[in-house]
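Chains as they are written, first to last, in my numbering: chain U, 1 to 234; chain H, 1001 to 1526. We put the beta carbon where it would ideally sit given N, CA and C, even for glycine. These figures come from a predicted structure and were not determined experimentally. Taking it in order: structure first as structure tokens, then the write-up.
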């Protein structure tokens, strides 16, 4: 596919139509619109499947295939443009099991992972999860990092995770990698990250009334004086 | 000049622009610019509200029409409650999750209802960060003053003071839940500077701050096993006949069934109005941002504050077409990104407040210094490659992975090329009137987050929304739970709906629409 350059005539405004298959049914839609807009264009109400529409919430997890290519790929329907000959379907809600836990009560979160998600170490390295990730996260490696207790790496690798769950149905070991990652990331924050001292001392300063005098001064000012004042730097 | 030449001009002028300092405007200059170019001052888009608590006040026609709309519930509807709860939280974004978690922690019996899925919200898209006055050279008082100046001195002082003072402790709460904020080498929270702020005060999780917070809050709502109703929209409130709220009617969007909830307290955290496409603007908002709380509270007799002012975020995408309206994070400007017109010139201090920057972009475009795309949209450049030049190669990859990905999906490389932007409808500055407990003038009805008003004045500063959500989500949750402990369930009536209908009749009837809107009508009639 050639680069989408600003100087190129924009596809969306031309009356050019492409043929797509939505949930197995064929439609003509304007070239260049997003998969989500294609659904609306074809007269379909979308409730399950539409969320933030900005590529962050994972509600519109979608399987698609391009013309003549046997490979089924994944995307977010709000963030992908239609192409001629494309077929696509929303991923239905997947009944993954989420473990429940109280992070503050865990004494050894890296070991507790195996109680909460006993399937996590059963990864058979098929790599389907990584291939299924529309955010290009190396999911398989992330699962292993979690199993080996490198929660810091997991938290960094999964910062892009929109919880679309597309790594779930492909897993032959019934692991829900995104849920394992949320657990590991949160445990990293709760158990293995230093408390920021500056924040603690600011909370203490507020409790001790360090700013009371400045508040008293500022809250008495007129709007005009407020425009021109700054907080005391004591 | 053709587009390629215009784009090359951004590259050619980069060095010269780097040496340039853009002056800040004086308060008088800012006011004049806003008055002339900001969409809030397009009088033809505004009309007086005909009846109800804000009768006679002006707002945009889109909002007025919904406020004057008719309830979907017939007055003789039988109110058999299916749920009896202490606290009904409506909305599954940041404010709703924070409210539910705090109410639950107070021991209340909570039900969380949301029209889409838990977490499908604007909060999840917040990229810029969360303002907390945590740096040694900063103070809550300075945070207060910056916010006030950004809001044109129209902010509610008490609401604002509470928010800035509780910022650090709410940050601690999030850390204790496992939110991974960016850190300095010494372990302290890393802070960035945001538009309109005199100090570096933005706490971030790269450009995924909202996503990280929401992943954690959603997980915790599920951990706490707070009862959850997804795809259930609130369509009406219930009252005791004397002005206090006693529950709500929800609509199950999967089967269109109405569900009556008896609740000792109700917290509306349904977010803003982007999907009303005020003045025809595209929006950065999520699919459900249709201003439902405004309509429902208004019918209960609760006044709205500053409902004539909206935030048009300076940088909404205009190219490629699939990204029209989508947000390009303000973080790019925070890190030194320039705004550049068709002549290759900067035209505003990029770190001025959002209303000033948006107004200046609209000025450039209206005065012929905008860049026109092939589809006829006009905007200005945001010089993204400058960040890698300024801070070293890899800066965009490291600090803006979400934005790099957002454009890569359409084969646009923001490391090599600038992007085209124009203001997009982003935020409702005003909203439902609340006090510092998050409660509205209607007893037992609480509102939190973007749906509430007063705190941000006439323009919200970057990073103050995430803080607002967390602080007032918590306050509403805690106070609603405590209130519920001290009182019994009141009677369920629709008398306020009848009263509103009677009032509408006196003013030649409702506007002809049924409200709340719940979801925008994007489906084409075929």
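Residue i to residue j, Cα distance in whole Å?
{"i": "residue 48/U", "j": "residue 1231/H", "result": "8 Å"}
{"i": "residue 1314/H", "j": "residue 1194/H", "result": "13 Å"}
{"i": "residue 222/U", "j": "residue 229/U", "result": "10 Å"}
{"i": "residue 11/U", "j": "residue 81/U", "result": "Residue placement at residue 11/U is poorly supported in this model, since its pLDDT is 45, which falls under 50; the coordinates are not used for a value here."}
{"i": "residue 177/U", "j": "residue 1401/H", "result": "21 Å"}
{"i": "residue 9/U", "j": "residue 1256/H", "result": "Residue placement at residue 9/U is flagged as unreliable, the pLDDT there being 42, under the threshold of 50; a coordinate-derived value is accordingly withheld."}
{"i": "residue 1217/H", "j": "residue 62/U", "result": "25 Å"}
{"i": "residue 1073/H", "j": "residue 1295/H", "result": "14 Å"}
{"i": "residue 1041/H", "j": "residue 1059/H", "result": "11 Å"}
{"i": "residue 1436/H", "j": "residue 206/U", "result": "18 Å"}
{"i": "residue 1125/H", "j": "residue 1463/H", "result": "12 Å"}
{"i": "residue 1339/H", "j": "residue 1006/H", "result": "14 Å"}
{"i": "residue 1122/H", "j": "residue 1287/H", "result": "9 Å"}
{"i": "residue 1331/H", "j": "residue 1128/H", "result": "5 Å"}
{"i": "residue 5/U", "j": "residue 115/U", "result": "Here residue 5/U scores only 44 on pLDDT, less than 50, and its place in the model should not be relied on; the value that follows carries that caveat. Going from the Cα of residue 5/U to the Cα of residue 115/U covers about 51 Å."}
{"i": "residue 1211/H", "j": "residue 1508/H", "result": "46 Å"}
{"i": "residue 1283/H", "j": "residue 1326/H", "result": "7 Å"}
{"i": "residue 1008/H", "j": "residue 1190/H", "result": "35 Å"}
{"i": "residue 2/U", "j": "residue 1010/H", "result": "With a pLDDT of 40 at residue 2/U, under the threshold of 50, the predicted position of this residue should be treated as unreliable, though the coordinate-derived value follows. Approximately 23 Å, taken between the alpha carbons."}
{"i": "residue 1385/H", "j": "residue 1418/H", "result": "6 Å"}
{"i": "residue 1015/H", "j": "residue 1394/H", "result": "19 Å"}
Please say whether residue j and residue i have beta carbons closer to each other than 8 Å?
{"i": "residue 1213/H", "j": "residue 1318/H", "result": "no"}
{"i": "residue 1438/H", "j": "residue 1472/H", "result": "yes"}
{"i": "residue 1244/H", "j": "residue 1490/H", "result": "yes"}
{"i": "residue 1495/H", "j": "residue 1241/H", "result": "yes"}
{"i": "residue 1269/H", "j": "residue 1449/H", "result": "yes"}
{"i": "residue 1311/H", "j": "residue 1459/H", "result": "yes"}
{"i": "residue 1068/H", "j": "residue 1050/H", "result": "yes"}
{"i": "residue 165/U", "j": "residue 184/U", "result": "no"}
{"i": "residue 159/U", "j": "residue 1334/H", "result": "no"}
{"i": "residue 1227/H", "j": "residue 1087/H", "result": "no"}
{"i": "residue 142/U", "j": "residue 181/U", "result": "yes"}
{"i": "residue 1570/H", "j": "residue 104/U", "result": "Outside the shown range of chain H, which is 1001 to 1526, sits residue 1570/H, and nothing can be said about it."}
{"i": "residue 1237/H", "j": "residue 1517/H", "result": "no"}
{"i": "residue 235/U", "j": "residue 18/U", "result": "Outside the shown range of chain U (1 to 234) lies residue 235/U, about which nothing can therefore be said."}
{"i": "residue 1159/H", "j": "residue 1454/H", "result": "yes"}
{"i": "residue 1172/H", "j": "residue 1484/H", "result": "no"}
{"i": "residue 1279/H", "j": "residue 1429/H", "result": "no"}
{"i": "residue 1101/H", "j": "residue 1220/H", "result": "yes"}
{"i": "residue 1273/H", "j": "residue 1099/H", "result": "no"}
Please check the pair residue i and residue j, which I expect to be a contact at CB under 8 Å, by giving their CB distance rounded to whole angstroms.
{"i": "residue 1048/H", "j": "residue 1298/H", "result": "So it is not a contact: roughly 14 Å between Cβ atoms."}
{"i": "residue 1341/H", "j": "residue 1369/H", "result": "4 Å"}
{"i": "residue 66/U", "j": "residue 86/U", "result": "5 Å"}
{"i": "residue 1275/H", "j": "residue 1293/H", "result": "Not a contact, Cβ separation roughly 14 Å."}
{"i": "residue 1167/H", "j": "residue 1136/H", "result": "Wrong, their Cβ atoms sit about 15 Å apart, outside the cutoff."}
{"i": "residue 40/U", "j": "residue 1522/H", "result": "4 Å"}
Just reading off the beta strand (DSSP E) that residue i is part of, what are its end residues?
{"i": "residue 1058/H", "result": "1058–1060"}
{"i": "residue 1252/H", "result": "1245–1252"}
{"i": "residue 1085/H", "result": "1083–1090"}
{"i": "residue 1048/H", "result": "1046–1048"}
{"i": "residue 1399/H", "result": "Element bounds for residue 1399/H: not the beta strand (DSSP E) but the alpha helix (DSSP H), 1395–1399."}
{"i": "residue 1311/H", "result": "1310–1317"}
{"i": "residue 65/U", "result": "61–65"}
Along the chain, where does the alpha helix (DSSP H) that runs through residue i open and close?
{"i": "residue 129/U", "result": "128–132"}
{"i": "residue 159/U", "result": "Note, residue 159/U: premise wrong, no alpha helix (DSSP H); not H, not E."}
{"i": "residue 1502/H", "result": "1495–1506"}
{"i": "residue 75/U", "result": "Run containing residue 75/U: none in the alpha helix (DSSP H); it sits in the beta strand (DSSP E), 73–76."}
{"i": "residue 1364/H", "result": "1354–1366"}
{"i": "residue 30/U", "result": "Taken as a continuous stretch (DSSP letters only), residue 30/U belongs to no alpha helix (DSSP H), being part of the beta strand (DSSP E) at 25–30."}
Answer yes or no: the CB of residue i versus the heavy atoms of the ligand HEM, is any distance below 7 Å?
{"i": "residue 1303/H", "result": "Annotation note on the ligand HEM: not contained in the displayed structure, which lists no ligands."}
#### Entry: Residues of the segment 1143–1160 of chain H whose Cβ lies closer than 8 Å to any Cβ of chain U, in chain order
1144, 1145, 1148, 1149, 1153 and 1157
### Message
Please list, in chain order, the residues of the segment 147–176 of chain U that have any C-beta partner in chain H closer than 8 Å.
### Response
155, 159, 160, 161, 162 and 163
### Message
At a CB distance below 8 Å, what residues from the segment 203–215 of chain U approach chain H? Give them in sequence order.
### Response
203, 206, 211, 214 and 215
### Query
Taking any Cβ of chain U, which residues in the segment 1285–1297 of chain H have a Cβ under 9 Å from it, in chain order?
1285, 1286, 1287 and 1288
### Task
Please name the residues in the segment 1507–1525 of chain H whose beta-carbon is closer than 8 Å to at least one beta-carbon of chain U, in chain order.
1519, 1522, 1523, 1524 and 1525
### Message
Output needed in chain order: residues of the segment 42–71 of chain U with a Cβ under 9 Å from some Cβ in chain H.
### Response
42, 43, 44, 45, 46, 47, 48, 50, 51, 52, 53, 54, 55, 56, 57, 58 and 59
### Within 7 Å of chain U by C-beta, residues of the segment 1216–1230 of chain H in sequence order
1216, 1219, 1222, 1223 and 1225
### Message
Against chain U, which members of the segment 1316–1329 of chain H pass a CB distance test of less than 8 Å?
### Response
1319, 1320, 1321, 1322, 1326 and 1327
### Interfacial residues, the segment 100–122 of chain U to chain H, with Cβ spacing under 9 Å
100, 101, 102, 103 and 104
### Query
Which residues, taken in chain order from the segment 1396–1408 of chain H, show a beta carbon closer than 8 Å to some beta carbon of chain U?
1401, 1402, 1405 and 1406
### Task
Determine which residues of the segment 1176–1194 of chain H have a Cβ less than 9 Å from any Cβ of chain U, and write them out in chain order.
1176, 1177, 1178, 1179, 1180, 1181, 1183, 1184, 1186, 1187, 1188 and 1189
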